[in-house]
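Asker:
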Amino acid sequence: MSDPRRLAAVRAKVSALETGGRPDCGRLGLGAPAVDAALGGGLPLGRWHEIGGEGMEAETSAAPAAFTALLAAPLARRGWAVWVLRRDDLWAPGLEGLGFPPERLIQVCARDEAEALGVMEDALSAAGVAAVVGEVEAVGLTAGRRLQLACEKRGATGFVIRRRPFGGPSLPKGAPREAPGSAAATRWRVASAPSEPPAGEFGLGAPRFAVALERCRGGRPGAWLFEAKSAFSQSGETWNGTHPLRLVADLGDRQLAPAPSVRRVA
Amino acid sequence: MGEGNRGGVEGAAAASPPPFALIETVGGTRRLAAVSLEAARLRLYPGQKATDAFARVPDLVTAEAEPQADAAALAELAGWCVRFSPAVALDPPDGLFLDVEGVAHLWGGEAQMLADFRARLARDGLPFRLAIADTPGAAWALAHFGADGTIAPPNGQAALLAPLPPAALRLEAETAAQIERLGLRRLAELAALPRAPLARRFGAQTLTRLDQALGRAAEALTFRRPPTPWFARLAFAEPISAPQDMARVAVDVAARLCAQLEAKDQGARRFQLCYHRLDGKVLSLNVGLSLAGRDPLRLGKLFAPKIEALDPGFGIEVVTLTADQVEATAARQARLEADPQTNDDGLAPLVDRLANRLGEARLWRAEAVESHLPELAAARGHPLTKGPLAGAPGWSPQTPRPVRLFRRPEPVEGVIALTPDDPPSQFCWRGQVHRVRRAEGPERIAEEWWKTDIDAVSVGHVRDYYRVEDQDGGRFWLFRAGLYAPEQPAKWWLHGVFG
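Protein chains in written order, with our numbering: chain A, 1 to 266; chain B, 1001 to 1499.
1) By the 9 Å beta-carbon criterion, what residues does the region 1402-1421 of chain B contribute toward chain A?
2) Thinking C-beta only, is M1113 (chain B) closer than 8 Å to F1084 (chain B)?
3) Run through the DSSP bridge pairs and tell me what D1091 (chain B) is partnered with.
4) Taking C-alpha atoms, which residue in B:H1276, B:G1482, B:D1295 and B:L1291 lies nearest to L1261 (chain B)?
5) With 8 Å set as the bound, which would you pick, yes or no: does the beta-carbon of A1309 (chain B) sit closer than that to a beta-carbon of chain A?
6) Check this for me: beta carbons of P4 (chain A) and R27 (chain A), under 8 Å apart or not?
7) DSSP has F1223 (chain B) in a bridge; who is on the other side?
8) Could you compute how far the alpha carbon of F226 (chain A) sits from the alpha carbon of A1323 (chain B)?
9) Per DSSP, what kind of secondary structure is R1031 (chain B) in: helix, strand or coil?
10) Run through chain A and tell me which residues come within less than 8 Å of P1442 (chain B), C-beta to C-beta.
11) Would you give the residue range spanned by the alpha helix (DSSP H) that T1062 (chain B) belongs to?
12) Whose Cβ in chain B lies nearer than 7 Å to the Cβ of I161 (chain A)?
13) Hey, quick one: how far does the alpha helix (DSSP H) through I1179 (chain B) stretch, first residue to last?
14) Using a beta-carbon distance below 8 Å, is G128 (chain A) in contact with chain C?
15) Using CA atoms only, rank isn't needed, just tell me which of B:R1186, B:E1174 and B:R1362 is closest to P1163 (chain B).
16) Please confirm whether L1463 (chain B) has its beta-carbon closer than 8 Å to some beta-carbon of chain A.
17) Within 10 Å of its beta-carbon, does E121 (chain A) have 16 or more other beta-carbons around it, so buried, or fewer, so exposed?
18) Under the three-state reduction of DSSP, which class applies to G1381 (chain B): helix, strand or coil?
19) Taking a Cβ distance cut-off of 8 Å, strictly less, list which residues of the region 85-115 of chain A are near chain B, in chain order.
20) Among the candidates B:A1138, B:A1141, B:G1149 and B:T1135, whose CA atom is the shortest distance from the CA of F1128 (chain B)?
21) Suppose you measure from the CA of F1117 (chain B) to the CA of P1349 (chain B); what does that come to, to the nearest Å?
22) Between A1138 (chain B) and L1169 (chain B), which are expected to be in contact by the criterion C-beta below 8 Å, what is the C-beta distance as a whole number of angstroms?
23) Should G1359 (chain B) be labelled buried (16 or more other beta-carbon atoms within 10 Å of its own) or exposed?
24) Pairs of beta-carbons, one from the region 64-71 of chain A and one from the region 156-165 of chain A, closer than 8 Å: are there three or more?
25) Note down the Cα distance separating R1444 (chain B) from H1372 (chain B), rounded to an integer number of angstroms.
26) Per DSSP, F1117 (chain B) forms a beta bridge with which residues?
27) Cutting at 8 Å between CB atoms, please list the residues of its own chain near S1284 (chain B), excluding the five before and the five after it.
28) Given a threshold of 16 other Cβ atoms within 10 Å of its Cβ, counted over all protein chains shown, does D1453 (chain B) qualify as buried or as exposed?
29) Is any beta-carbon of chain A found at less than 8 Å from that of V1497 (chain B)?
30) Note down, in chain order, each residue of its chain lying with its Cβ closer than 7 Å to the Cβ of G79 (chain A), except the 5 sequence neighbours on either side.
31) If distances are taken between C-alpha atoms only, which option among A:A110, A:G94 and A:C109 comes closest to E103 (chain A)?
32) Does the Cβ of F1476 (chain B) lie closer than 7 Å to at least one heavy atom of the ligand HEM?
33) Cutting at 7 Å between CB atoms, please list the residues of its own chain near A1053 (chain B), excluding the five before and the five after it.
34) Return no unless some Cβ of chain A is closer than 8 Å to the Cβ of E1448 (chain B).
35) Starting from F100 (chain A), trace the beta strand (DSSP E) in both directions and tell me its first and last residue.
36) With 8 Å as the threshold, decide whether the Cβ of W1107 (chain B) is near any Cβ in chain A.
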């Protein structure tokens, strides 16, 4: 009854449907089997990924930027990386500490949202560029589709950090909070999590991130606690090929981040 | 040297029109500034009082002279002449010098070039006189006083200049008149005189001009733009105007120039493309490259987005391309895109595109600077310069530094710090209270006293940095400004966020 060959053929057909007939540009293992399984075998390359924060982080966007730098660090060692900013506050020494090579990063400051997306598209389709990070407020359907096409040209991977401009209005009234039917391959929500220094030591431990995979094509969502074990402790040259992120715990069904408590200034 | 003498005021030369003159006001007197051929035949002359002229020729038609408009028109004509030679010098009020050395062969010789020049000028309805000679002085003299279209053979200008009057030497009107009054009506007679008495009698200027005309003294002309050997032009049988055609000819003319560059193993970093319109206007575009290159397709791609903004008018008939900042690129392959894996310069096309679109200041790569002050530790470097030399100080990956550093530290309020030297246990930033769970520090960063005047150094510039983590896991980089003083409250700032 169940012919294994027919089953395999159907599976291939389904996966082709799931990827939309796009070429597979490989995947980037995050070093944790549970996470890789949820992503369907690792972070898909040649796609673009959406990373956002909550509350204050939607504006400062420090945890999403740090997480993105950690996520893209292995890519930046393969080729060039381009970071498209709206506001020049990305600091290279911090990236160095996280293990992201700033000497392979080109920073571009765009004047407005449309220009940022245009530069991202241009950089994604350029030769020699492995990863492009862009800080934009929202990616519309058309812009997302264009980013996807640019990614497919040479297999570069895009990361969109959703960030509200400083001082600007949060979102125009009536605009949907999330872009409907976004073309992103995955959507992550990242927040800083309290660190745990090794027993008997003072100060802060390695940076931790509470990460929720909210959406994933060909995978399933999940929530995890990651730790950048080697941050601020290794020298730039000694990189042993493993992904810099470590899985600390499976958050499971736990409330990911405590709802941003609204407190008044005392 | 070519000399196009543009008599902008002797304009309307139709079949026996009325005598015409331009009038200017000189020192409260209305005088003729220029006269037409018909007026000149009636013995009117520039500088004559307008009332005298009207008394002699009652039906004289006059108009106000516009020297500024004439100068602007001459400058525009100079721009148009770039199609013949990249080196064009203005000779106000009505002349142009073109350095045509090494250019004439593009037309098949000086005579053909002059004929083409004549045909194009005549089409625009401008009266003119042309001459080619070894020196600017000789060309000027032949254009103004010799036969129109004279081409002096190399080193043969002396014979052609001999019969011309002394005024052909570009002298002051009084000096020329004085020389003629003494009976020296030909340059040959002037040249035959002993030099020392000549200079004493008529001034050193006369001697200089004579030497310049005969090629015995050099003359510096102020060319509108420096002549460059890296110049290519393309003329079309039919004018073009479609944007895709303009983009295509940009690649074609770039291919010509790049072939020249390649033959000499050179590359250039700046290119200027000029489209010459039928009506004489010149539309120019500039692009810059981050690395000297000579790939016509890449240049075409950089020019293409700018072409759309141009207005071709009735059409483009000539396109020229000049290269600037030419340097040797012997060891580099021409097609930079060929193999990105083996060549780090594969990024150059992208960097060029972005730099030309956004401006060079908006594109950078962080460079380590040897400074303890966080805001100075990272500088903007050119994206494609090679990394720091081996052994140069970089940033230490061991010292924790935030991913986001604010350009200006933000003030923090409501800081509760138990003892003066401890990290804060609570602070309020952007209207939100953060309770500190863990903290590291202090890391004292003092002023770089060796860089400033020793008297300006103060302990008030000392900063004690703390890395703190709040109850939600947010990690911040705070500092307290200045040393602790019991009588005044400490001032706290937030400089960055770790994430």
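Using N, Cα and C, we set each Cβ at its ideal position, and we do this for glycine too.
Answerer: Inspection of the coordinates gives the following:
1) P1402, V1403, R1404, L1405, F1406, R1407, E1413 and G1414
2) yes
3) B:G1095
4) B:D1295
5) no
6) Contact flag unset, no.
7) B:A1089
8) 54 Å
9) strand
10) Result: empty, since nearest Cβ-Cβ is about 12 Å, beyond 8 Å.
11) Where T1062 (chain B) is concerned, there is no enclosing alpha helix (DSSP H), although the beta strand (DSSP E) it sits in stretches over V1061 to E1064.
12) Correct list: empty, because the minimum Cβ distance to chain B is about 11 Å.
13) A1173 to R1181
14) This model lacks chain C altogether; the protein chains it does include are A and B.
15) B:R1186
16) This sequence places Arg at residue 1463 (chain B); Leu is not what is there. Not a single C-beta of chain A is nearer than 8 Å to the C-beta of R1463 (chain B).
17) buried
18) strand
19) Answer set for the region 85-115 of chain A: D88, D89, L90, W91, A92, P93, G94, L95, E96, G97, L98, G99, P102, E103, L105, I106, Q107, V108, C109, A110, R111 and E115.
20) That would be B:G1149, whose Cα lies nearest to the Cα of F1128 (chain B).
21) Answer to the nearest angstrom: the Cα atoms are 39 Å apart.
22) Contact flag wrong, Cβ pair sits at about 10 Å.
23) exposed
24) yes
25) 10 Å
26) F1117 (chain B) pairs with nothing; no bridge assigned.
27) Q1272, L1273, C1274 and Y1275
28) exposed
29) yes
30) G128, V129 and A130
31) A:G94
32) This structure lacks the ligand HEM, and indeed carries no ligand of any kind.
33) In chain order, A1021, L1032, L1044 and L1060 place their CB closer than 7 Å to the CB of A1053 (chain B), counting only its own chain and leaving out the 5 sequence neighbours on each side.
34) no
35) Per DSSP, F100 (chain A) belongs to no beta strand (DSSP E) and is neither H nor E.
36) By this cut-off, W1107 (chain B) is not an interface position.
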